[in-house]
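Trainee: This is the structure, below, for whatever I ask next.
Numbering (our numbering), first residue to last: 3 to 155.
Below, the structure is given as structure tokens:
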């Protein structure tokens, strides 16, 4: 006997969130980690974010960029649309970190709405992100509007 409490056999996700991905940038490392959408990226696991009330409370912290990326269907095909970044500060040695939930959620919202805001990334991080997205899915990069690509230049 199968118990189906929702009346559906699969969970549904609002269309705006189906195309949301999280790209993490930590030092020289850049990777997709969907766990970040729920605050459970591989870099966040095992870190106590309750101990720090500000980035200054994590004096030996390393900055980790969380970049929310969304897709959109354009005339020539699907491409990158919204790209917005926020920051975590993590002291991996001591297992503590700081994340401001407001900016994380607001930047996720901007990406979902198709906006680009990577103002907190360095020029090097922007170039690394552009190269990563290009390498990850060349077809999506090709269909991405020039004004979106220009924000990462």
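In this text, a Cβ means the ideal position worked out from N, Cα and C, and glycines have one as well.
Does residue 77 come out as helix, strand or coil in the three-state DSSP assignment?
Mentor: Here the question's residue 77 lines up with position 75 in the chain shown. Coil.
Trainee: Return the bridge partner residues of residue 90 from the DSSP annotation.
Mentor: The sequence position of residue 90 within the chain shown is 88, counting from 1. Beta-bridge partners of residue 90 (DSSP): 66 and 101.
Trainee: Residues in the same chain with beta-carbon distance under 8 Å from residue 50, minus the five sequence neighbours each way, listed in chain order, please.
Mentor: One-based indexing of the chain shown puts residue 50 at position 48. Cβ within range, chain order: 97, 98 and 99.
Trainee: On the three-pair Cβ rule with 8 Å, is the region 78–88 touching the region 37–53?
Mentor: No, the region 78–88 does not touch the region 37–53.
Trainee: Return no unless some Cβ of chain C is closer than 7 Å to the Cβ of residue 132.
Mentor: Within the model displayed, chain C is absent; a lone protein chain is all it includes.
Trainee: Per DSSP, which residues does residue 23 bridge with? Please list them.
Mentor: Residue numbering aside, residue 23 sits at position 21 when the chain shown is read from its first letter. DSSP lists 71 as partners of residue 23.
Trainee: Within 10 angstroms of its Cβ, does residue 56 collect 16 or more other Cβ (buried), or is it exposed?
Mentor: As a working mapping, residue 56 is identified with position 54 in the chain shown. Counting every other CB atom within 10 Å of its CB across the protein chains shown gives residue 56 a total below 16, marking it as exposed.
Trainee: Terminal residues of the continuous beta strand (DSSP E) containing residue 120?
Mentor: Here residue 120 corresponds to residue number 118 of the chain shown, with the count starting at 1. Careful: residue 120 lies outside any beta strand (DSSP E) and carries neither H nor E.
Trainee: When the Cα atoms are used, what is the spatial distance from residue 67 to residue 77?
Mentor: Along the chain shown, read from residue 1 onward, the residue named residue 67 stands at position 65. Along the chain shown, read from residue 1 onward, the residue named residue 77 stands at position 75. For residue 67 and residue 77, the distance between alpha carbons rounds to 31 Å.
Trainee: Nearest by alpha-carbon distance to residue 108: which of 142, 130, 69 and 143 is it?
Mentor: Working through the chain shown from its first residue, we reach residue 108 at position 106. It is 69.
Trainee: Let me check understanding here. Comparing Cα to Cα, which of 59, 92 and 127 lies closest to residue 43?
Mentor: Reading the chain shown from its first residue, position 41 is the one you call residue 43. Ranking 59, 92 and 127 by Cα distance to residue 43 puts 92 first.
Trainee: Go to residue 34, then tell me how far its alpha helix (DSSP H) extends in each direction, as first and last residue.
Mentor: Walking along the chain shown from the start, residue 34 turns up at place 32. Here residue 34 belongs to no alpha helix (DSSP H); instead the beta strand (DSSP E) covers 31–34.
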